[in-house]
Each structure stands twice: as C-alpha cells, then as structure tokens.
Amino acid sequence: MSAQLIQSYFDAFNQKNTDAMLDCLSEDVAHHVNEGNIRVGKPKFAEFCAHMTRCYDEELTDMVIFLNDDGTRAAAEYVVNGTYLATDDGLPPAHGQSYRIPAGSFFDIDDGKITRVTTRYNLSDWTAQIQLLLNR
Numbered sequence: 001m002s003a004q005l006i007q008s009y010f011d012a013f014n015q016k017n018t019d020a021m022l023d024c025l026s027e028d029v030a031h032h033v034n035e036g037n038i039r040v041g042k043p044k045f046a047e048f049c050a051h052m053t054r055c056y057d058e059e060l061t062d063m064v065i066f067l068n069d070d071g072t073r074a075a076a077e078y079v080v081n082g083t084y085l086a087t088d089d090g091l092p093p094a095h096g097q098s099y100r101i102p103a104g105s106f107f108d109i110d111d112g113k114i115t116r117v118t119t120r121y122n123l124s125d126w127t128a129q130i131q132l133l134l135n136r
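Mapping the sequence shown onto the UniProt record's numbering, position 39 (from 1) lands on 39, and the numbers just tick up by one.
Structural data, given as structure tokens:
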C-alpha cells in the first residue's frame, strides 16, 4: 500500500493534479522544501504547489521508489525535467529555459497518508543550467 501511495503522489504531480496530491497527504503534513522553510498543513502545501505551477513546468522521470520493511518510511529517486516559466524570488530571470536535474524525496507514512515530504536537489546545478541558457 505504501509504495502505491507514493506512486499515486508522483502520478498526481506529473498530471499537475494538486487535489490528487493533497489526497495523499495527512492534514498536518510537514513539507520540507529544498533551500526553504518547513510548511505544515495541506493549505501551505497547496500554496506551495500553486507557486511552483506558476514558475515551473516539471515532469519527473526515471522514478525508483524505496520502502522500509514496515511501510512507515519511503524514498524516491528521479530526474526532474523542467521548464522555467516565471522568475522565482531570488533566482535568475526566467525565459523558458529547460533543465534536467536528479532529485530525491523522502516520506513518513502513517495510517495510509503521507505525514512528511522532504525534497532535495542540487540548487547550484539547477542555477548553472539556467544561467548557461540565459547567457546564450
């Protein structure tokens, strides 16, 4: 069940279906964002998703999901294939640059819901790709 929960979460991400992503989460989900603050609760998660949808168009590929023996923790490794749509605060200007970066997410699971999402990627790698395309 837990592997299917994580797969459903990522399927919803790739379908750009925030409501379906929210269905996978507990009400008090803790969302640990790369280079950002921890957001607690579905409303904060939904706000984050709206911001990301405005600034980025992303699809996750090459997904591998890992699960511990009791199904309470999971991890996923994948590749983010994206387009930078609108300038995000503190980042280089957006001009439709494409990028491809490896990333990972880590999850706590309780009672059939994701209670923690932690996402990590190399921001320096992303920035270098965006800057390279910006300078062309």
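Even glycine gets a Cβ: it sits at the ideal position worked out from N, Cα and C.
None of these values were measured; they are calculated from a predicted model.
Simplified DSSP assignment, three categories, for residue i
i, result
"residue 43", "helix"
"residue 95", "coil"
"residue 119", "strand"
"residue 19", "helix"
"residue 50", "helix"
Which listed residue (the options) has its alpha carbon closest to that of residue i
i, options, result
"residue 14", "81, 74 and 31", "81"
"residue 27", "98, 55 and 112", "112"
"residue 129", "91, 117, 109 and 118", "91"
"residue 44", "53, 31, 35 and 54", "31"
"residue 104", "122, 41, 29 and 93", "122"
"residue 36", "120, 16, 6 and 69", "120"
Those residues which DSSP pairs with residue i across a bridge
i, result
"residue 59", "81"
"residue 105", "76 and 119"
Residue i burial status per 10 Å Cβ neighbour count (16 or more: buried)
i, result
"residue 64", "exposed"
Own chain residues within Cβ distance below 8 Å of residue i, not counting five before or after
i, result
"residue 73", "67, 106, 107, 108 and 109"
Proximal residues to residue i (C-beta, below 6 Å), its chain only, five neighbours per side dropped
i, result
"residue 75", "66 and 106"
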